[in-house]
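In full-length UniProt numbering, the protein residues as written are 1 to 284.
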């Protein structure tokens, strides 16, 4: 599904969190939203789902203005996995995932055979089917994240909006979330994901959006966005971004704070042409 964000601003109280954001996303793209804490990433994602009103601008899904769409219509197109969910009752994991089917049911309908099959498939795909009868409150943070990811998949939309889905996950499951995301996009579907692991984003995402201070600083393929200059501008850090010589993947090395000479960190006197470095008063 195509997304068109046109000069969008979002304010919460007297603060403007997202400022004049414009973005185009095509069907099949796996888009990573990166940036420092408090930069507006989550606010942007919630606005794309229609959870925050726009101060100005328009959000179009396949040409349809989000502001004119009804809740169930949005829910059939876009699934949203929020950063953290507080569940006050002891619902079983399978019941949590089953709530993803509500956009397809009338108010008087109960879940049918197809709904139960879809839920089972989603929970098996995310590796939580064996937890189906467990209370959601009895699960670890990582297990909960995988249950809520299964819920997003069970909604069977063309778009997933994922807000830090790998939080609390170990390395294996974090990588698996991104691997499943890539498979999802290979079907012509679309993902926008807030992520802090930049190397994981570089490994799987087809496009990155760098947000800083509520503004989109850069957008493009990972090699164009993950540069030492951009990382310094957004995160105020000194780093080297380079191609791994053994695996076709970008790597990021962050120099310790206060470093003014990178010589002690180098194994070679040569600097690869693909490497970008930013450090205050660098001495080569």
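Positions of the beta carbon are idealized from the N, C-alpha and C atoms, including for glycine.
All values reported here derive from a predicted model rather than from experimental measurement.
Let's test the definition: count the other Cβ atoms within 10 Å of the Cβ of residue i and tell me whether it reaches 16, buried, or not, exposed.
| i | result |
| --- | --- |
| residue 250 | buried |
| residue 89 | exposed |
| residue 61 | buried |
| residue 151 | buried |
| residue 138 | exposed |
| residue 147 | buried |
| residue 155 | buried |
| residue 68 | exposed |
| residue 171 | exposed |
| residue 140 | exposed |
So what's residue i in DSSP terms, helix, strand or just coil?
| i | result |
| --- | --- |
| residue 114 | helix |
| residue 6 | strand |
| residue 107 | coil |
| residue 55 | coil |
| residue 174 | helix |
| residue 284 | Its pLDDT being 41, under 50, residue 284 is placed unreliably by the model, and the measurement read from it follows with that caveat. The answer is coil: DSSP assigns residue 284 none of H, G, I, E or B. |
| residue 19 | strand |
| residue 340 | This structure leaves residue 340 out entirely; the chain is present only between 1 and 284. |
| residue 235 | helix |
| residue 204 | helix |
| residue 87 | coil |
| residue 100 | helix |
| residue 197 | coil |
| residue 265 | helix |
Below 8 angstroms on the Cβ atoms is my contact criterion, and I expect residue i with residue j to pass it. Report the Cβ-Cβ distance as a whole number of Å.
| i | j | result |
| --- | --- | --- |
| residue 214 | residue 57 | No, residue 214 and residue 57 are not in contact; Cβ-Cβ is about 13 angstroms, not under 8 angstroms. |
| residue 20 | residue 7 | 5 angstroms |
| residue 131 | residue 143 | 6 angstroms |
| residue 195 | residue 32 | 5 angstroms |
| residue 241 | residue 228 | 5 angstroms |
| residue 92 | residue 158 | About 28 angstroms; that fails the 8 angstroms criterion. |
| residue 122 | residue 87 | About 18 angstroms separates the two Cβ atoms, so there is no contact after all. |
Given a cut-off of 8 angstroms on the beta-carbon distance, is the pair residue i and residue j in contact?
| i | j | result |
| --- | --- | --- |
| residue 85 | residue 47 | no |
| residue 44 | residue 177 | no |
| residue 55 | residue 10 | yes |
| residue 81 | residue 23 | no |
| residue 187 | residue 169 | no |
Runs of 3 residues minimum, wholly inside the region 141–172: which ones carry the beta strand (DSSP E) assignment? Every unbroken stretch of the beta strand (DSSP E) spanning 3 or more residues and falling wholly within the region 141–172 is given here in chain order: 159–163.
Continuous alpha helix (DSSP H) assignments of at least 4 residues falling wholly in the region 210–235: The alpha helix (DSSP H) runs lying completely inside the region 210–235 and spanning 4 residues or more are 222–225, 228–235, given in chain order.
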